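Undergrad: Attaching a single structure in structure tokens format; questions to follow.
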Amino acid sequence: MTQHNKRFHPDEWQLRVDLAACYRLVALYGWSDLVFTHISAKLPSSVAGDAHQFLINPYGLMFDEITASSLVKIDMHCNKLDEDNP
Numbered sequence: 484m485t486q487h488n489k490r491f492h493p494d495e496w497q498l499r500v501d502l503a504a505c506y507r508l509v510a511l512y513g514w515s516d517l518v519f520t521h522i523s524a525k526l527p528s529s530v531a532g533d534a535h536q537f538l539i540n541p542y543g544l545m546f547d548e549i550t551a552s553s554l555v556k557i558d559m560h561c562n563k564l565d566e567d568n569p
């Protein structure tokens with residue numbers, strides 16, 4: 484277990500890794516050349532319970548720069564839930 488993923492539930496960390504890989508694949512294939520585009524993922528109930536929480540890219544990073552630990556957790560109203568992340 485790396486230092487970064489000790490902060491996250493294992494299910495959240497796996498989703499972060501998968502979503503970051505998705506961002507990098509989109510960049511690799513040149514599909515990220517759009518204005519204000521994003522890819523998001525809903526956190527499973529094992530992490531968020533009944534709350535609707537999502538992972539999304541932080542503003543200002545290119546898709547090929549996104550890592551699992553740089554993703555931002557938000558709620559249904561776009562409120563940032565992770566104050567430790569950028």
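Each number in the working numbering comes from the position in the sequence shown (counting from 1) with 483 added on.
Glycine residues also receive a C-beta, built at the ideal position from the N, C-alpha and C atoms.
All values derive from a computational prediction rather than experimental measurement.
Could you tell me whether any Cβ in chain B is nearer than 9 Å to the Cβ of W496?
TA: Here chain B cannot be found, since the structure has a single protein chain.
Undergrad: For L508, name the three-state secondary structure that DSSP assigns.
TA: The answer is helix: DSSP assigns L508 an H, G or I state.
Undergrad: I'd like to know whether the C-beta atoms of K556 and L538 end up nearer to each other than 9 Å.
TA: Yes; because the gap between Cβ atoms is below 9 Å, this pair is in contact.
Undergrad: For the region 520 to 532 and the region 491 to 499, state whether three or more C-beta atom pairs, one from each stretch, are separated by less than 8 Å.
TA: The region 520 to 532 is in contact with the region 491 to 499.
Undergrad: Nearest by alpha-carbon distance to F491: which of L517, I522, D558, L526 is it?
TA: The shortest C-alpha separation from F491 is found at L526.
Undergrad: Could you check which residue in K489, L517, G513, I522 has the C-alpha nearest to that of C505?
TA: Per the Cα distances, I522.
Undergrad: Span of the beta strand (DSSP E) holding K556?
TA: Residues 555 to 558.
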